[in-house]
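Q: Structure in structure tokens, see below.
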Amino acid sequence: MNPADGGLLTFTPAALARPLLLGLIVAGCALVGRGALTPFLARIGLRNAPRRLLRAVLITFGLMLATTFVASSLAVDDTITQAVRTVAVFNLGRVDEDVTGGTGTLNLFPQEDASAIAYALRGDVEVAGVAPTLDIPNTLVADETAREVRGGVAALGMQPDDAGALGALTDAHAPKTPRPLQALGGSGVYLNSALAAALNAKPGDTVALYSVDWPGRRYRFQVRAIVKGGPLGDAPALVAPLHALQQAANAFDSVNHVYIANAGNGLSGVGYSDFVTARVGENLPGDGLAVNEVKRNGVAFALQAQQLFGRILTLYTLFAFAIGLLLIFLIFTLLAAERRSELGMARALGMRRGQVVWMLLFEGAAYDLAAATIGVLVGLGLGAVILGVVGPTLARIGFPVQFALEPASVFVAFALGLLFTLITIVAAAWVVSRISIAAALRDLPEPPAAAPSLLALARAALTPRMANGRAWGALLWALAARGPIPLALGAWLLRRGIERTDALLFSVGLSLAVTGLTLLARSVALGLVALRYRREPRRALAALARATLLTERLAALVIGGSLALYWSLPFDALVGVLGLPRFTGGIEIFFTAGVMMVFGCVLALAPNLDLLLAPLRWLGVRLGRLRHISRIALVYPSQQRFRTGIGLALFSLVVFTMVVMTCIAASTTQSYDDLPTQAANYDIVGQPLFSRIGSAQNALALLQRHDPSAAAQVTAIGEATPLPLGVLQPTAARAMWRYYPASALQGSLLSGVGFTLAARATGFSSDEQVWQALRQHPGDVVIDASALSGADASILGLTPAPSATAGQFTGPPIAAGLPGSSGFESLSGQQAQADVSTQLAQGAGALNVLGFLLTDQRALNDLAIHLSGIARAPGSIVPTPLWVADLRGGAPQQVTIIGIVANAHGQNYGLMGSPQTFAPVEHGLAPLGNDYYYFKLAPGTDPHAAALAIGSALIDHGFEATVLQDALLGTTGARVFISRALVGLVGLTLLVGMAALAVTGSRAVVERRQQIGMLRALGFHRAHVQAIFLIESLLVGAAGVLFGLVLGLLLCRNIFAVDFFEQFQSGLTLTIPWRDLAVICGIALAASLLAAALPAWQAGRIAPADALRYE
Amino acid sequence: MSALEELSRAEEWSAPRQTIAQAEGLRKTYRAHGLELDALRDVDLSVARGEMVAVMGPSGCGKTTLLNCLAGLDTIDAGRVLIDSVDLASLSDARRADYRAQSMGFIFQNFNLLPVLSAVENVELPLLLLRVSAHKARRRARALLNAVGLSHRERHRPAELSGGQRQRVAIARALVNEPAIVWADEPTGNLDTEAAGEVMDLLERLNREREQTLVIVTHAPDISARADRLIRMRDGRIVIDV
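Here's what the structure looks like:
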């Protein structure tokens, strides 16, 4: 299935607010109008609401849940949207538009052109500031006082006059203290907080600036202050006097940016972007200059990352809403069942069915209003709690989580809860008002409905008479219930689905067609039975009754079973079958699949519960003294099939939702939030930016010499040198040169510290032997699991890892391509990456791919190697030869793969071996890029202090040390937050799901108070009564847990099997947290027991006579 | 055409005035799981206006089923029921409900009062269903409660009344719309002897003074003794009609 964006369910609260308001007005007017016309109906309804306090509380609580789910989801969503927007603003500072397009490596243009733009915008109220700027990217800054270095720093040269909001810098520690550009003088600089933290810099420090734009020279400045505001975002940056940077870069009277800040604040200014861009466009002085809406684009780009969360949240909300609505339906069904004789009397007195519905609706509206109001407040509270719990942990990376809520969201949560509850109540009331008055008056079971032939129904419908509408309704119902209508509708939807390659239409059509066919077959079978006995009316009745019962069971089994089976298949299962196309679908298909699977299972089993429970009954009668308990406990669920079915569906859906959300949350956590694993349990990564250190041993020796205490905190040092290698598997079916990340390892990395082997070659009995071979036998290598073909990964039982990114192809094996950890381009300038690519390509001959690879992820995936025929069995591979060659030329060399490094979550990439292994292919070639050093610290060591200490100790090599988890969080901060918010939502689902089960369990007991009295009167002990309810509840609970668990896992498999989340470049892989799932199932079972235990205990305490008199 | 107009027109077709309820060839069979039980077998019956008819018989003989079928509370398998010359089976469910509200009154063993309404509110309910103004309905309900001796309890809810009082409220409710016929199913079944006597006195008085047609299903011989006519049923058939 191809994921489709912009599906049925991509809406915003603001877009929903208007139709919901209209709906509320219509519903309100209808209720008030009807109440005014028939005040007695409103009176009865409204007086029924507070009739029993406990019941009213339970019902209100149950109805509240749907609103609570929606409100908390929207609160979390609003906060995340706001946070993500703010991050975009934070990253870009006050810059809304940027004029660029000059010439040369720095893209320079005359400063007078920039001044002309500033002059043209001078009077515009939409513009808050204009700053002609010389931006030198990727400078290297050394704090000579603190003895720290940092690469990849943006140095902004600005002139003091007339920058407006862009010159409004303030002290980072005293926001009310302005730090004007004039105060820089000729030799001062301001640092932003990120750079100051990385350099451990303080005002007064001396910093030296290095750049490829002034090779061989350095310029010293004094730090005047640590500042924020103006054009500064959260990336390491400094502000220097314009003329000083112009002089350093030999760019006199030139700049390369004109930054423009719009009126308003950093976020609201985006609203003026169109106008300002047009104004600037009218006043662009030179050819080649262009204006970019950087803030707007940045916000849009940042929000794309949030789409993943939006889809997951939509799925969650839909399931939660379905649970809420099912619960409401169940509550009202139970409520109406309790009042059946009252409804019968009202009907006997002359109340129409519609009036009964209104009466119930008035009562429901009273509950609904209270529930929606409380639900919104509780939901917002829970949303705040979730964010409060997860927010502070992200504060350290500057992810600004502040509870934010759009008024439209509050209204939408309230209105959605209110309206959908009302609609569900109408549906429930309509269903329960369909009673046989005579039976209801005496509280007898509903008699079976008559089933006239279609011919008779058609004749009645075509006969002009007073009740003609009813006859048409009966005919249509019969056509639906006996198959023709669902079959025709299904066939139409199937055709539409295939024409539009719409997975949802096709699947619903197929489901309806199967349902229609089955019902039709059932009708035909019953017709044949009737035909067979047409001359024996007495026997015909009994035979038809038996056939009806049998076909009912079979039809439910076939329809339910087919639905459950089809919707549990992977969504691509039917592609190619009978020439079917590849379908597209959005998140709604997964929601529908979930609901249909649960519905199918319940439909298949509920009518056959008596058969399914037969073994338990058989066991029960052998329980001796307790057989009366088991008999009663087992008979009620199979007799009350409708209610048992709804209860079972509700329970299954709750567990199902929890399982799905837990798996998705575990997957996001594992992929984004398991920082120690992603860092391979190393704490600090560093690289020498001035001169090579040579080896991990050298680094340790230097550290011990300059800072023995810092060295004592280091428990392991590993070193990795990325190599640009082409690889070829000679034993592959169509062997050709491919590409794959590769690194030469030293120190602890070559001992396997931080790596886990997923498989070893035959002949190696332990992982240690593999690493020993790597150290001692040049030519032996290991490779990570992403290099395996799908078939080989499957043999080894490995989850496919996300594909390597460009950063990983040119970086070290652990945490490659992270911002904050400078790449080789930090010294060679922005253009250098392309230059290196060209250089590589020129030397690589047939492997002229790298330049392209660095920019095209799809090409990267296609050209990466996929090893085949390497896996033997889980944990075991055959030693596999591989040819490797440097892309720049040199002699190819054969190496042997002897181990597979686990890479389930994309944390460790590459072909890895010792320097001796790769020495022949690198012979005569200059080193490419930097060496990377990984430090593992003793437990309890502060990594930030240690990073500064290490950087300071190795300052002679320009050693840039970065805390790995900070760098990882910097890359995936938004997704870490999403992951944690999802975990919070799972907690909420658990909490609210349990509450839903508690409400259901309690209502089931309360409703049967009279039955309890009767049992007690018959001689059942209090404990017996309690045991009956506990057994019943346990039965439904166990079945619900089983369905929910199995179906939830199936849906998760299907979601990940079609790579649904990959459209958001999520890199998510499915993780099944078995331990969490076991806990959830246990809690769900316990909740079902507890929910029944409390009211059963209460009911057991009531005197039998009181219970029997209960009204 | 409104329900009332429809009903008025139906009355124009009416059979002889003295017959208020008429059943011809009435059959009712309960079917479940292949078993069938003939609750009513070809029952023919007519009730004259102002008559007080007692229906007796052993449990399961079809008394209540007969009453439910005559009152349009249950469906029939064969035959027809005319109430005031209106064929109930020809009416839609909604029209049948309107007809019950307008022309019938019901008294049941379990009183079947709505617990959330006070005595007077219970009594006025059928009038409100007929869209009688609230003021008129309340006045009429009070008058009825006064007639059954419960004017001092009109604001009490059913839970605050004794069994006899509840049944008297039910009687007032059954009469409030001046029905053509009142159906009573074991009206004294849940009452003690004294309360039962009071209720029967009341019903008898209504029948005598207002010529209220009453069909009473009962097990009690003393009730049947007060009736103008006694119908005995056995196995779904009328075996005695005197």
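Residue numbers (the numbering used here), protein chains in the order written: chain V, 1 to 1111; chain Z, 1112 to 1353. Glycine included, every Cβ here is placed at the ideal spot set by N, Cα and C. Note that the structure is a prediction, hence the values are computed from the model and not measured.
DSSP three-state call for Gln-894(V): helix, strand or coil?
A: Of the three classes helix, strand and coil, the one that applies to Gln-894(V) here is strand, per DSSP.
Q: Looking only at C-alpha atoms, which of Ala-346(V), Met-351(V), Ala-413(V) sits nearest to Val-378(V)?
A: Checking every option, the nearest Cα to that of Val-378(V) belongs to Ala-413(V).
Q: Should Leu-1240(Z) be flagged as near chain V, meaning a C-beta pair shorter than 9 Å?
A: Chain V contact via Cβ: present.
Q: Given that Pro-1237(Z) touches chain V, what residues does it touch there, using C-beta distances under 8 Å?
A: By Cβ distance, chain V contributes Leu-349, Gly-350.
Q: Spatial neighbours of Gln-1129(Z) within its chain, please: CB distance less than 7 Å, with the 5 preceding and 5 following residues excluded, ordered by chain position.
A: Once the five neighbours on either side are set aside, the close Cβ partners of Gln-1129(Z) are Ala-1159, Arg-1160.
Q: Is there a C-beta anywhere in chain V that falls below 9 Å from the one on Gln-1276(Z)?
A: Cβ-Cβ to chain V under 9 Å: no for Gln-1276(Z).
Q: Pro-447(V) versus chain Z: which residues are under 7 Å apart at the beta carbon?
A: Residues of chain Z passing the Cβ test: Tyr-1141.
Q: For Ser-73(V), which residues from the same chain have a beta carbon less than 6 Å from its beta carbon, with the 5 sequence-adjacent residues on both sides left out?
A: Leu-313, Thr-317.
Q: With a threshold of 9 Å between beta carbons, is Gly-647(V) in contact with chain Z?
A: It does not: the Cβ of Gly-647(V) has no partner Cβ on chain Z nearer than 9 Å.
Q: Measure the beta-carbon distance from Gly-167(V) to Gly-230(V) and round it to whole angstroms, keeping in mind my assumption that it falls under 8 Å.
A: Going by Cβ atoms, the distance from Gly-167(V) to Gly-230(V) rounds to 6 Å, so yes, they are a contact pair.
Q: Where does Val-141(V) land, buried or exposed, given buried means 16+ other C-beta within 10 angstroms?
A: Classification for Val-141(V): buried.
Q: Against chain Z, which members of the segment 588-606 of chain V pass a CB distance test of less than 9 Å?
A: Listed by position, the residues of the segment 588-606 of chain V near chain Z (Cβ gap below 9 Å) amount to none.
Q: So what does DSSP say about Val-1350(Z), is it helix, strand or coil?
A: Note: Val-1350(Z) maps to strand in three-state DSSP.
Q: With DSSP as the reference, label Tyr-740(V) as helix, strand or coil.
A: In the structure shown, Tyr-740(V) sits in coil (DSSP, three-state: anything other than H, G, I, E or B).
Q: Taking only heavy atoms of the ligand ATP into account, decide whether any of them is closer than 8 Å to the Cβ of Met-1014(V).
A: Inclusion of the ligand ATP in the displayed structure is not the case, the ligand content being empty and no account of it being possible.
Q: Kindly list the residues whose CB is nearer than 8 Å to the CB of Ser-341(V), restricted to its own chain and excluding five residues on each side of it in sequence; keep chain order.
A: For Ser-341(V), where only same-chain residues beyond five positions count, the Cβ hits under 8 Å are Ala-440, Leu-441, Arg-442, Asp-443.
Q: Which residues bound the beta strand (DSSP E) around Asp-886(V)?
A: Unbroken beta strand (DSSP E) run through Asp-886(V): 880-886.
Q: For Ile-25(V), is the classification buried or exposed, using 16 other Cβ atoms within 10 angstroms of its Cβ as the cut-off for buried?
A: So Ile-25(V) ends up on the exposed side.
Q: How is Asp-124(V) classed by DSSP in three states: helix, strand or coil?
A: Note: Asp-124(V) maps to coil in three-state DSSP.
Q: For a test of the three-state rule: what should DSSP assign to Ile-664(V), helix, strand or coil?
A: DSSP places Ile-664(V) in helix when its eight states are reduced to three.
Q: Alpha carbons only, please: which of Thr-463(V), Thr-584(V), Ile-814(V) is nearest the one belonging to Leu-675(V)?
A: Residue Ile-814(V) is the option with its Cα nearest to Leu-675(V).
Q: Which of helix, strand or coil does DSSP assign to Val-781(V)?
A: It is a strand residue.
Q: Consult DSSP for Thr-463(V) and reduce its assignment to one of helix, strand or coil.
A: DSSP places Thr-463(V) in coil when its eight states are reduced to three.
Q: Measure the alpha-carbon distance for Gly-561(V) versus Leu-757(V) and round it to whole angstroms.
A: Going from the Cα of Gly-561(V) to the Cα of Leu-757(V) covers about 42 Å.
Q: Just how far apart, CA to CA, sit Pro-1114(V) and Ala-75(V)?
A: Residue 1114(V) falls outside the range modelled here, since chain V spans only 1 to 1111, and no answer is possible.
Q: According to DSSP, simplified to helix, strand and coil, what is Pro-1169(Z)?
A: It is coil, neither helix nor strand.
Q: For a test of the three-state rule: what should DSSP assign to Ser-1157(Z), helix, strand or coil?
A: It is a strand residue.
Q: Whose Cβ in chain V lies nearer than 8 Å to the Cβ of Ala-1205(Z)?
A: Result: Arg-352, Arg-353, Gly-354.
Q: May I have the straight-line CA-CA distance separating Leu-232(V) from Glu-126(V), to the nearest angstrom?
A: Leu-232(V) and Glu-126(V): Cα-Cα distance of roughly 21 Å.
Q: Could you spell out the range, first to last residue, of the alpha helix (DSSP H) harbouring Ile-1292(Z)?
A: Where Ile-1292(Z) is concerned, there is no enclosing alpha helix (DSSP H), although the beta strand (DSSP E) it sits in stretches over 1292-1296.
Q: Mapping DSSP to helix, strand and coil, what is Ser-691(V)?
A: Correct three-state label for Ser-691(V): coil.
Q: From the beta carbon of Ile-437(V), is the nearest beta carbon of chain Z less than 9 Å away?
A: Judged by the 9 Å Cβ criterion, Ile-437(V) is in contact with chain Z.
Q: Roughly how many angstroms lie between the CA atoms of Leu-494(V) and Asp-966(V), to the nearest whole one?
A: Distance between the alpha carbons of Leu-494(V) and Asp-966(V): 52 Å.
Q: Does the count of Cβ pairs from the segment 1323-1343 of chain Z and the segment 1160-1177 of chain Z closer than 8 Å reach three?
A: Output reads yes: the segment 1160-1177 of chain Z touches the segment 1323-1343 of chain Z.
Q: Under 9 Å, Cβ to Cβ, is there at least one residue of chain Z near Thr-515(V)?
A: Thr-515(V) does not count as touching chain Z.
Q: Using a Cβ-Cβ cutoff of less than 6 Å, which residues in the same chain neighbour Ser-691(V) once the five nearest sequence positions on both sides are dropped?
A: Within the same chain, Ser-691(V) has close Cβ partners His-957.
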